[in-house]
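Presented below is the structure to which this report refers.
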Amino acid sequence: MMNTLTRFLARARNTSDIVVAVLVLVAVSMMVIPLPTWAVDGLITLNIAFSVLILLSSLYATSPLQFSALPSAILIATLFDWRLP
Numbered sequence: 647m648m649n650t651l652t653r654f655l656a657r658a659r660n661t662s663d664i665v666v667a668v669l670v671l672v673a674v675s676m677m678v679i680p681l682p683t684w685a686v687d688g689l690i691t692l693n694i695a696f697s698v699l700i701l702l703s704s705l706y707a708t709s710p711l712q713f714s715a716l717p718s719a720i721l722i723a724t725l726f727d728w729r730l731p
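Each step along the sequence shown adds one to the number in the numbering used here, with nothing skipped, and position 50 is 696.
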């Protein structure tokens, strides 16, 4: 089980661009396809957790270069946030 997880994470690390592209496509498709209320509640919870994670990461960084992914993180969080209301 652990070897399978390790291999999957190593493969995902090598194809991180594809993972981000798939996540963006999922977010765009969620804007078109209606979701059940339990799924929307779960996504709101994940959005709040992701926002807290971004906040804590930005507070922990001592120099701007330590959190250079901030614009991308805000863009992805905003894309997922459009679907939730």
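We treat Cβ as the ideally placed atom computed from N, Cα and C, and that holds for glycine. Please read all numbers here as calculations on a predicted model, not as lab measurements.
Item                                                                                     : Value
Span of the alpha helix (DSSP H) around T691                                             : 683 to 706
Beta-carbon proximity of A673 to L725, cut-off 9 Å                                       : yes
Sub-9 Å separation of I700 and A685 beta-carbons                                         : no
Bounding residues of the alpha helix (DSSP H) (the contiguous stretch that carries A715) : Looking at the DSSP string, A715 is not in any alpha helix (DSSP H), and its letter there is neither H nor E.
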